[in-house]
Amino acid sequence: MDNTLIKKVMTFKSGNFVFSTKYDASEVNNLLFKARLLYTTIVDLPILPEWSVYLEEELIRRSIFSTAALEGNPLKEEEVGKIIEQADDGQKNGEAKKAILNLKKVYGFIKKIDPIKGFALTEDFIRESHRIITDGLDYTDNLPGKYRNHIVKVGNKEHGGVYTPPKCQPDIVNLMKEFVEWINCKEMMESDGLIRAALAHYHLGLIHPFGNGNGRTIRIVEAMLLRTSGIKYVPTMLSNYYYRKIDDYYFAFSLTQKNPEHDVTIFVKFMLEGVIDSLNEIKDNITFRIRELVMRDYCTFLKNKKVITQRQHDLLCILLESGKTISLKNLFNVSPYNALYRNVSERTARRDMSKLLKLNILLQENGDYRLNLRALG
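Position one of the sequence shown corresponds to residue 80 (this note's numbering), numbered consecutively onward.
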């Protein structure tokens with residue numbers, strides 16, 4: 080084993096605790112290359128300011144739902160969205176709703192911190208994040224912002240087994256001090272931001288410093304490190320990936336923890352695969368919006384050139400807004416389409432659809448029509 084890649088810290092009650100940067104460079108660097116190339120592609124895509132604002136709000140909503148659901152919050156995504164949109168009236172809320180409101184506050188907390196590169200993670204930041212996340216929640220043996228002083232168990236047999244983190248507060252206090260020094264050391268600060276965030280996530284999970292709320296706090300720390308490394312969108316998307324891959328998430332942690340050589344390849348690869356998955360989703364989202372914008376301009380161009388009628392143009396605009404399919408029958412009995420076809424015969428409506436099909440602006444599937452956003456290539 081290359082001892083320059085690991086840092087051993089002796090604890091009072093749990094033996095040696097190891098901070099490790101040992102991983103298979105051939106596997107990890109390949110994923111890093113893919114992630115960075117994909118991110119560069121996304122950054123080069125034109126995006127309107129209002130799209131960026133919408134994306135950020137949408138991603139935070141999904142992230143809050145996912146990171147809460149990972150810890151067993153029963154609220155559905157739609158319910159979470161409604162809670163986030165509401166102003167906090169200061170009234171007493173149930174545990175599930177309060178947990179969502181706390182997550183909303185912690186995202187507001189990290190948003191206020193300048194996303195400058197070279198961000199030095201501090202214990203104060205970690206404890207304050209935990210305090211906000213668990214404030215007012217009735218968790219047994221948990222004090223918001225305070226390290227635990229009791230034994231906890233992490234994981235289960237179905238996901239690779241049970242792990243016992245460091246057992247007493249003196250060990251946790253010492254390990255958190257060592258962790259902050261290690262994650263902020265010159266080598267780590269100069270490493271790729273994605274790797275640094277993944278290693279912070281994994282090792283904080285090993286320490287498990289709080290009585291409850293560890294997972295949510297760790298994912299906020301990871302998001303903050305990604306954000307301050309100059310990466311957009313991904314910081315608020317990874318929780319959604321972890322939730323969708325919940326079994327793989329727990330297995331990645333458990334298998335990495337059990338590695339006798341302290342090799343962290345499995346967890347780092349899992350996190351980077353999540354980054355790539357998230358970036359692909361963002362790319363598809365932005366590309367879709369660009370196609371929408373171009374299609375809207377194209378429809379106006381066709382109308383101005385009298386290739387299509389005003390009615391056909393308006394129909395296409397409604398389809399652009401709704402993103403839905405429509406049948407010929409819907410044109411006459413579903414709002415707002417029926418406003419366009421109120422005084423039109425079925426034969427004329429068929430001619431409209433036939434013309435738009437020939438122009439390749441519409442596609443027909445199982446008798447229904449949908450907009451072809453790839454009409455222009």
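Every residue gets a Cβ at the ideal spot worked out from N, C-alpha and C, and that includes glycine.
Using the C-alpha atoms, what's the distance from residue j back to residue i?
{"i": "ARG141", "j": "LEU334", "result": "28 Å"}
{"i": "ILE179", "j": "ALA428", "result": "48 Å"}
{"i": "GLN389", "j": "LYS403", "result": "20 Å"}
{"i": "LEU154", "j": "ILE310", "result": "29 Å"}
{"i": "LEU398", "j": "LEU435", "result": "12 Å"}
{"i": "GLN458", "j": "ARG449", "result": "No answer is possible for residue 458: it lies beyond the span of the chain, which begins at 80 and ends at 456."}
{"i": "TYR322", "j": "LYS177", "result": "20 Å"}
{"i": "VAL354", "j": "ALA114", "result": "7 Å"}
{"i": "PRO288", "j": "ILE126", "result": "40 Å"}
{"i": "TYR320", "j": "PHE346", "result": "14 Å"}
{"i": "ASP103", "j": "PHE332", "result": "16 Å"}
{"i": "TYR416", "j": "LYS384", "result": "23 Å"}
{"i": "THR97", "j": "ILE143", "result": "Going by the sequence as given, residue 97 is Val instead of Thr. Rounded to the nearest angstrom, the two C-alpha atoms are 31 Å apart."}
{"i": "LEU457", "j": "PHE367", "result": "Outside the displayed span of the chain (80 to 456) sits residue 457, for which this structure offers no information."}
{"i": "LYS408", "j": "ASP393", "result": "17 Å"}
{"i": "ASN445", "j": "THR120", "result": "36 Å"}
{"i": "PRO128", "j": "CYS264", "result": "36 Å"}
{"i": "VAL107", "j": "PHE330", "result": "18 Å"}
{"i": "MET80", "j": "ASN338", "result": "Note that MET80 has pLDDT 36, beneath the 50 cutoff, so the model's placement of it is unreliable and no number is given."}
{"i": "ASP327", "j": "HIS238", "result": "8 Å"}
{"i": "SER414", "j": "ASN181", "result": "40 Å"}
{"i": "PHE198", "j": "ARG453", "result": "42 Å"}
{"i": "GLU164", "j": "GLY173", "result": "17 Å"}
{"i": "PHE380", "j": "GLU157", "result": "38 Å"}
{"i": "LEU441", "j": "TRP130", "result": "25 Å"}
{"i": "GLU260", "j": "ASN451", "result": "54 Å"}
{"i": "ASN412", "j": "GLU400", "result": "18 Å"}
{"i": "LYS225", "j": "PRO249", "result": "12 Å"}
{"i": "ASP203", "j": "GLU257", "result": "14 Å"}
{"i": "ASN152", "j": "GLY215", "result": "15 Å"}
{"i": "TYR420", "j": "GLU352", "result": "49 Å"}
{"i": "HIS458", "j": "GLY94", "result": "With the chain running from 80 to 456 in the structure shown, residue 458 is simply not present."}
{"i": "LEU229", "j": "VAL241", "result": "The question names Leu, but residue 229 is His in the sequence shown. The alpha-carbon atoms of HIS229 and VAL241 are separated by roughly 16 Å."}
{"i": "ALA148", "j": "ALA175", "result": "10 Å"}
Is it the case that the Cβ atoms of residue i and residue j are separated by a distance below 8 Å?
{"i": "LEU111", "j": "ASP271", "result": "yes"}
{"i": "SER318", "j": "THR213", "result": "no"}
{"i": "MET303", "j": "ILE189", "result": "yes"}
{"i": "ASP217", "j": "ARG227", "result": "no"}
{"i": "VAL386", "j": "LEU358", "result": "no"}
{"i": "THR90", "j": "LEU254", "result": "yes"}
{"i": "ILE262", "j": "ARG275", "result": "yes"}
{"i": "GLY292", "j": "HIS209", "result": "yes"}
{"i": "ILE211", "j": "LYS184", "result": "yes"}
{"i": "MET374", "j": "HIS280", "result": "no"}
{"i": "SER406", "j": "ASP447", "result": "yes"}
{"i": "TYR377", "j": "LEU455", "result": "yes"}
Can you give the beta carbon distance from residue i to residue j, rounded, assuming they're within the 8 Å contact cut?
{"i": "ILE521", "j": "THR307", "result": "The structure shown does not extend to residue 521, since the chain spans only 80 to 456, so no value can be given for it."}
{"i": "SER99", "j": "VAL343", "result": "5 Å"}
{"i": "ILE297", "j": "LEU278", "result": "About 12 Å separates the two Cβ atoms, so there is no contact after all."}
{"i": "ASN364", "j": "LEU134", "result": "7 Å"}
{"i": "LYS87", "j": "LYS246", "result": "So it is not a contact: roughly 18 Å between Cβ atoms."}
{"i": "LYS324", "j": "LEU117", "result": "Contact flag wrong, Cβ pair sits at about 18 Å."}
{"i": "PRO244", "j": "VAL231", "result": "6 Å"}
{"i": "LEU84", "j": "ILE369", "result": "Actually they do not touch by this definition, with Cβ atoms about 43 Å apart."}
Tell me which residue opens and which closes the alpha helix (DSSP H) that residue i is part of.
{"i": "ARG449", "result": "Premise fails: ARG449 lies in the beta strand (DSSP E), 447-450, not in any alpha helix (DSSP H)."}
{"i": "SER333", "result": "325-337"}
{"i": "ASN35", "result": "Outside the modelled stretch of the chain, which goes from 80 to 456, sits residue 35, for which no answer is possible."}
{"i": "ASN253", "result": "248-262"}
{"i": "ILE163", "result": "156-164"}
{"i": "THR201", "result": "It is not in any alpha helix (DSSP H) - THR201 carries neither H nor E in the DSSP assignment."}
{"i": "TYR312", "result": "No alpha helix (DSSP H) holds TYR312; DSSP gives it neither H nor E."}
{"i": "ASP431", "result": "425-437"}
{"i": "LYS183", "result": "174-190"}
{"i": "GLY272", "result": "272-286"}
{"i": "ASN417", "result": "416-420"}
{"i": "LYS265", "result": "265-268"}
Checking the sheet assignment: what are the DSSP bridge partners for residue i?
{"i": "ASN95", "result": "MET89"}
{"i": "LYS101", "result": "ASP342"}
{"i": "ILE126", "result": "None, per the DSSP bridge assignment."}
{"i": "ILE121", "result": "DSSP output for ILE121 lists no bridge partner at all."}
{"i": "ILE405", "result": "TYR448"}
Residue range of the beta strand (DSSP E) that residue i falls in?
{"i": "LEU442", "result": "441-444"}
{"i": "VAL241", "result": "240-242"}
{"i": "VAL233", "result": "233-235"}
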